[in-house]
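**Q**
There are 4 protein chains.
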Amino acid sequence: MIKFAQFGAGFIGKIHGANIARHPKAELAYVYDVKTEAAEQLAAQVGAQVAASPEEIWASDVDAVLIASSTNTHAELLSCSIKAGKPTYCEKPVDLDIDRVKAVVQQAQNTNLPILVGFSRRFDANHLGIRQALQTGEIGRLEMMHITARDPKPPALSYVKVSGGQYRDQTIHFFDMLRWLADEDPVEVYATGAALVDPAIGEAGDVDTSMLILKFASGAFCHINCSRRASYGYDERVELFGSQGMVVSRRKPRREVTVYKGASIISDGLHTGWLERMEPTFYQALDALVRVMEGEEMEYPTLIDGLKAQIIAEAAVESLHKNRPVKITYWSPE
Amino acid sequence: MIKFAQFGAGFIGKIHGANIARHPKAELAYVYDVKTEAAEQLAAQVGAQVAASPEEIWASDVDAVLIASSTNTHAELLSCSIKAGKPTYCEKPVDLDIDRVKAVVQQAQNTNLPILVGFSRRFDANHLGIRQALQTGEIGRLEMMHITARDPKPPALSYVKVSGGQYRDQTIHFFDMLRWLADEDPVEVYATGAALVDPAIGEAGDVDTSMLILKFASGAFCHINCSRRASYGYDERVELFGSQGMVVSRRKPRREVTVYKGASIISDGLHTGWLERMEPTFYQALDALVRVMEGEEMEYPTLIDGLKAQIIAEAAVESLHKNRPVKITYWSPE
Amino acid sequence: MIKFAQFGAGFIGKIHGANIARHPKAELAYVYDVKTEAAEQLAAQVGAQVAASPEEIWASDVDAVLIASSTNTHAELLSCSIKAGKPTYCEKPVDLDIDRVKAVVQQAQNTNLPILVGFSRRFDANHLGIRQALQTGEIGRLEMMHITARDPKPPALSYVKVSGGQYRDQTIHFFDMLRWLADEDPVEVYATGAALVDPAIGEAGDVDTSMLILKFASGAFCHINCSRRASYGYDERVELFGSQGMVVSRRKPRREVTVYKGASIISDGLHTGWLERMEPTFYQALDALVRVMEGEEMEYPTLIDGLKAQIIAEAAVESLHKNRPVKITYWSPE
Amino acid sequence: MIKFAQFGAGFIGKIHGANIARHPKAELAYVYDVKTEAAEQLAAQVGAQVAASPEEIWASDVDAVLIASSTNTHAELLSCSIKAGKPTYCEKPVDLDIDRVKAVVQQAQNTNLPILVGFSRRFDANHLGIRQALQTGEIGRLEMMHITARDPKPPALSYVKVSGGQYRDQTIHFFDMLRWLADEDPVEVYATGAALVDPAIGEAGDVDTSMLILKFASGAFCHINCSRRASYGYDERVELFGSQGMVVSRRKPRREVTVYKGASIISDGLHTGWLERMEPTFYQALDALVRVMEGEEMEYPTLIDGLKAQIIAEAAVESLHKNRPVKITYWSPE
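Okay, here's the thing in structure tokens:
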């Protein structure tokens, strides 16, 4: 059994904690949260111990660490985790300040420590299916990719203000996804957007509705459209257009119920939130880390992947502000 | 150019007349209808001549005859047409009295005259597609067939009373279809039904909602469900289940328009009537007769097919009344 | 926490055991299986104790019992459970001998003990959706029901021989489902079938491909088609046709992946087995029993429901053998 | 009857000629083509007269003119038609040289002459459906539009070289469509593309695979993706995303035939060419001109619409070459 310590017992922490508890090869030994009550509640549910301080965890014999605390604590905790030599599952983003991300990447360099950054969509069965179709040559060479990413409703304005903006907070998942699907880094991005959903988001210096075009060195293109509010539910789908065919990761309906009535055919719509749609991927991501720790060779979103997605986000923000395409310059640790 | 004479200028006659007129290898020379005004109207539209009497037509040099007059005149007109040696398109049914049908079949025997009975669904692109899938072995050996046949609303009660009942009037199309799809005659039928839509239909001795099971000698089964009233439009679909797969002739939507709104996905529904859905098949059926007259070898619903569908309908009516399966006994001309 | 004892640690027992273990309000205290090794394995996985004998369980302080042992032991265990006053989840069928079922029903009469018979499909989200549409009047009055029930492949011949035949083993789930959906008992059944998949099944006196028509007292009809082998996966779907609309519980695809290639659109097909499709319903059914034990009022498949489904199956078997419709006569305990 | 004269009897001319012939309120009086044989063939088919010269037509008593000759003749013929005061259906584009288009627009100014430019997609039932959904407020305020426009295969290289390039030749249909759907002119365009399908297209200075983003003054965005080669058929679809819902003009399949086989569900794919998909719209566009000539008030793509689409195309070409967003400056006649 792999003994985990977990930082954070909030909304997403509860999901991770329950997943660790039900994983046959993992158990949750410690939970730490600055809100002790939250830590106690989760610990009670899964039979874990509340850690009085982070230090207690670093001093313990846990085998792995899961970081699900608030964003501004990720980088430091991850740094400690690397120092302690613990394989780590770190929620995205690593940090909103790209220099802090680089510092952690530099620190992790040459350690060979498995660090999984929480781009869990990589484990979605549908998205895996289209990636496989591309990789096996079923649709030929990739020429165009289309990603639709729409949340049912904007987050609280207070969150928007500290989130880093739509690209660093929402679109970043798809900056990772396009790299993973294409198996190639984009070299240029053009981003444009506006606050069409809520003027207050615009007043906070952010956008809520965006369209982007990215170019790969291979010549292929990727379009992303992102909205903070789809009135009809959580809408995420991807299309890969290749020289010999197209493959689509379709919308997933809530149920397979259809009513035929009058002049209409009425089916159940989409999930009411991203979590309802994506929840299974959290377990799959955790399972990937466990397998890697057990010596299995398998792909997972690494710290470098986390950095690259943020580098693309930075370029997208620049493009948005300058209203012109921006070259993406990657950075590598020494 | 093949010169046609047409009997009947009513609802369905107008469709046939226009099809003859627009067929590049056919022209409508004469129209006859007991209602002279109807004949004149159609004749004017397509540049044909009104025949003063059927005799004028039989004495003319027309190459072919299309019978679209009222059902009770079909057998006699067809008999005249056979006597005159004219290839004929005869609307279904040949006659509600099976003995009169047999008499005409007997008369046509050994004449080699192309007589096409108006089971035009055989020319529907979707139904042709599933037949081909079965014939080419794509789904293996046929084991089960399902036919759904639902009209948007019942015909006028006055029509119901003279129509011969649901099986001789509505289901008969599908008695022909199942023989054509399976390429085999059914040997037994169990039919059950009720007047669920309109009690007046029940009082007239008929049913409006039916379920049937037919058996083929090969062991395969066919289910038909038939309603006189589908509140959501004209619903016709067929499923062939075979030992190695299944093929479906799906419902056809009016348009490809879908709205995502709230918790629902709302698409355009079905056609509002069978004609909206099946109209192209009338032209295809006419074209088949033209091709056959030009020497092309091709399948079409023959007079024997017309007879067999009616024999099945008679057995179904008997089964309905006796509430037990009834063996189907076919009849062949000498 | 509700303490469960479970009989049976085989294929289906493992699923039930794991569900009890992960239910927040239940725990598995004892496992008994005639194969001690199987019991030990399951007990180890979920932290339960192996019971040395059924008597140990009846003498224990467990709150509830789950019977997942082989069919021929159900009735006796259920009888003991009733004697011991334990709320029970009993896998279907209660017994293949209808008289033994009646005896247990008689015994349970007036006990008010919650006994849930494992027709877990009643808890499927899609099927629940169409039932709700009917109950809320969305499609008007029910006129026709269509149930398609096809397993990917036949069970082992040895199982077929002791299973009671296709109707008592496979179709029985849908005899329960049609009663539950229509909220009404069928009064007559016509069943016909053949061994089209495997002649050996026919030699064993059974059929593997069947079509049935059932009538409700309200006048509505139900068609069921059942196959032991759908080469394309597990195919279960239901259609309710009403006076004001239709509602469909559609097939559920494995994934939402579609490839457009050449002249075809190729989507992922169906689940490879009934368990892949129906597994979530086992947990839901267990949860229903737990809720009922906690005092919640909710519907669940009762012992009477189990009996009625078997009475319909007996009538269907009689109809198959006599090739005529058979009236269904229900039985009630005194 | 409206008497038409038609210029051009090539591929698209044959379609227009046949449509005029079958329109109940129109007839084709004259056909002119520089290739006399082509003119003779079409004239024979529809019972028209071959004009010896364009002058013969301008001197005739025809009521309307249809211009379907080669692109470089459109502007001059249209100019003659305006001079002659003939309502005109003019195939797109009016001219590849925007200054010649402006000259014709200027000439037509204040004439009130119905001039319909052949953006016939405006008459597609599906596209009309989504426009209506937007206009009636069903999806709220428009925020994002997505247009996918993919031809099955590139035109001949010789045609590519004189076509004006992908934007002036292919994408232009969708520059018109987005204006028509949004009921608003775009103010800025960013276009990027490459010759991914055929390097020879790149060597000819053109692209075959493009992505574009356009902005409306209202703040809404439009994405277009355009390919000269979709290996799976003609793929055209449009999505309108609004503040209260989304509406989609879906792909239209060739047939409603689906095979379930093994692990896949295989449906008939798309049409093999744009004509197979769009042919009905040509008749609808012709019918619109006829109705306008008869005094009916109805929308149709005007000469100004033709000009505006070309102005957008010019801006897109500039954006492609400069790799930056370009403001779109419209021009109005005095």
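Chains as they are written, first to last, in our numbering: chain V, 273 to 606; chain R, 273 to 606; chain L, 273 to 606; chain A, 273 to 606. Ideal placement from N, C-alpha and C gives every residue a C-beta, glycine not left out.
#1: Please compile the residues from chain L whose C-beta is within a distance smaller than 8 Å of the C-beta of residue 483 (chain R).
#2: Is residue 499 (chain L) a contact residue of the ligand FMN, with contact defined as CB to any heavy atom under 6 Å?
#3: How about residue 277 (chain L) and residue 293 (chain L): are their beta carbons less than 7 Å apart?
#4: Would you mind sorting residue 333 (chain A) into buried or exposed? The rule is 16 or more other CB atoms within 10 Å of its CB.
#5: Give the residues of chain V in contact with residue 533 (chain R), contact being defined as C-beta atoms less than 9 Å apart.
#6: Mind checking who residue 595 (chain V) pairs with in its DSSP beta bridge?
#7: For residue 572 (chain R), I'd like the list of residues in its chain whose CB is within less than 6 Å of its CB, leaving aside the five on either flank, ordered along the chain.
#8: Residues bridged to residue 338 (chain L) by DSSP?
#9: Counting contacts by CB-CB distance shorter than 7 Å, is residue 401 (chain R) in contact with chain A?
#10: Closer than 9 Å between beta carbons: that is the criterion. Which residues of the stretch 412–442 of chain R meet it against chain L?
#11: Please list, in chain order, the chain V residues whose beta carbon lies closer than 7 Å to that of residue 449 (chain L).
#12: Taking three-plus beta-carbon pairs below 8 Å as touching, is the stretch 487–505 of chain A in contact with the stretch 539–556 of chain A?
#13: Have a look at the DSSP bridge pairing and note the partners of residue 353 (chain L).
#14: Among A:319, A:479 and A:493, whose alpha-carbon lies nearest the alpha-carbon of residue 485 (chain A)?
#15: Give a yes or no on contact between the stretch 399–416 of chain R and the stretch 348–360 of chain R, applying the rule of three or more CB pairs nearer than 8 Å.
#16: Using only the alpha-carbon positions, how far apart do residue 373 (chain L) and residue 495 (chain R) sit?
#17: If you measure from the beta carbon of residue 521 (chain R) to each beta carbon in chain V, is any gap under 7 Å?
#18: Alpha carbon to alpha carbon, how far is residue 604 (chain V) from residue 399 (chain L)? Give it in angstroms, no decimals.
#19: Considering just the uninterrupted stretch of the alpha helix (DSSP H) at residue 553 (chain A), what are its terminal residues?
#20: Is the distance from the Cβ of residue 589 (chain V) to the Cβ of residue 431 (chain V) below 7 Å?
#21: Tell me, please, whether the stretch 468–481 of chain R touches the stretch 436–451 of chain R by the rule of three or more beta-carbon pairs shorter than 8 Å.
#22: List the residues of chain R that residue 466 (chain L) touches, going by C-beta distances under 7 Å, in chain order.
#23: Within 7 Å (strictly less), CB to CB, does residue 522 (chain V) reach chain D?
#24: Distance, Cα to Cα, residue 523 (chain R) vs residue 312 (chain L)?
#25: In the DSSP assignment, find the unbroken beta strand (DSSP E) run with residue 458 (chain V) in it and report its ends.
#26: How many Å lie between residue 318 (chain A) and residue 465 (chain R) at the Cα?
#27: Under the three-state reduction of DSSP, which class applies to residue 483 (chain A): helix, strand or coil?
#28: Check the C-beta distance from residue 509 (chain L) over to residue 499 (chain L) and give it rounded, since I have them as a contact under 8 Å.
#29: Considering only C-alpha positions, which residue in the set L:489, L:490 and L:483 is nearest to residue 497 (chain R)?
#30: With 8 Å as the limit, tell me which residues of the stretch 378–411 of chain A have their beta carbon closer than that to any beta carbon of chain R; keep them in chain order.
#31: Which same chain residues, not among the five before or five after residue 290 (chain L), have their C-beta less than 7 Å away from its C-beta?
#32: Whose Cβ in chain R lies nearer than 9 Å to the Cβ of residue 528 (chain A)?
#33: Are there 16 or more other CB atoms within 10 angstroms of the CB of residue 378 (chain R), so buried, or fewer, so exposed?
#34: If the criterion is Cβ atoms closer than 7 Å, does the pair residue 480 (chain R) and residue 525 (chain R) meet it?
#35: Going along the chain, which residues of its own chain have a beta-carbon closer than 8 Å to the beta-carbon of residue 357 (chain L), five neighbours each way excluded?
#36: For residue 496 (chain L), write down the residues that DSSP places opposite it in a beta bridge.
**A** Well, looking at it:
#1: Neighbours of residue 483 (chain R) on chain L, chain order: 416, 485, 493 and 495.
#2: Of ligands this structure carries none, so the ligand FMN is not represented either.
#3: 7 Å or more divides the Cβ of residue 277 (chain L) from the Cβ of residue 293 (chain L).
#4: It is exposed - the Cβ of residue 333 (chain A) has fewer than 16 other Cβ atoms within 10 Å.
#5: Residues of chain V passing the Cβ test: 503, 504 and 541.
#6: Note: residue 595 (chain V) sits in no beta bridge, so no partner.
#7: Here the set comprises 388 and 560.
#8: Partner(s): L:278 and L:361.
#9: Yes, residue 401 (chain R) counts as interfacial toward chain A.
#10: Listed by position along the chain: 412, 413, 415, 416, 418, 420 and 422.
#11: Correct list: empty, because the minimum Cβ distance to chain V is about 15 Å.
#12: Below 8 Å, enough C-beta pairs join the stretch 487–505 of chain A and the stretch 539–556 of chain A to call them touching: three or more.
#13: For residue 353 (chain L), which the question treats as bridged, DSSP gives no partner whatsoever.
#14: Residue 485 (chain A) has its Cα closest to that of A:493, out of A:319, A:479 and A:493.
#15: With a cut-off of 8 Å, the stretch 348–360 of chain R and the stretch 399–416 of chain R do not count as touching, because too few Cβ pairs lie within range.
#16: Going by C-alpha positions, residue 373 (chain L) is about 33 Å away from residue 495 (chain R).
#17: No, residue 521 (chain R) does not count as interfacial toward chain V.
#18: Residue 604 (chain V) has its alpha-carbon roughly 54 Å from the corresponding atom of residue 399 (chain L).
#19: First-last of the alpha helix (DSSP H) with residue 553 (chain A): 546–565.
#20: Not in contact: residue 589 (chain V) and residue 431 (chain V) (Cβ atoms no closer than 7 Å).
#21: Under the 8 Å Cβ criterion, the stretch 468–481 of chain R counts as touching the stretch 436–451 of chain R, having at least three qualifying pairs.
#22: Within 7 Å of the CB of residue 466 (chain L), the CB atoms of chain R belong to 491, in sequence order along the chain.
#23: Absent here is chain D; the protein component of the structure consists of chains V, R, L and A.
#24: Going by the C-alpha atoms only, they are around 53 Å apart.
#25: Secondary structure note for residue 458 (chain V): its beta strand (DSSP E) is the uninterrupted segment 458–466.
#26: Using only the alpha carbons, I get a separation of about 52 Å.
#27: Strand at residue 483 (chain A).
#28: Rounded, the Cβ-Cβ distance is 13 Å, inconsistent with contact.
#29: Residue 497 (chain R) has its Cα closest to that of L:483, out of L:489, L:490 and L:483.
#30: Cβ proximity to chain R below 8 Å picks out 397, 398, 401, 402, 405, 410 and 411 from the stretch 378–411 of chain A.
#31: Counting only Cβ-Cβ distances below 7 Å, and skipping sequence neighbours, we find 318.
#32: Simply 397, 398, 401, 509, 520, 521, 522, 523, 524 and 525.
#33: Exposed, by the Cβ-count rule.
#34: No, these two residues do not count as a Cβ contact at 7 Å.
#35: Here the set comprises 383 and 385.
#36: DSSP, once it has assigned bridges, lists L:419 and L:484 as partnering residue 496 (chain L).
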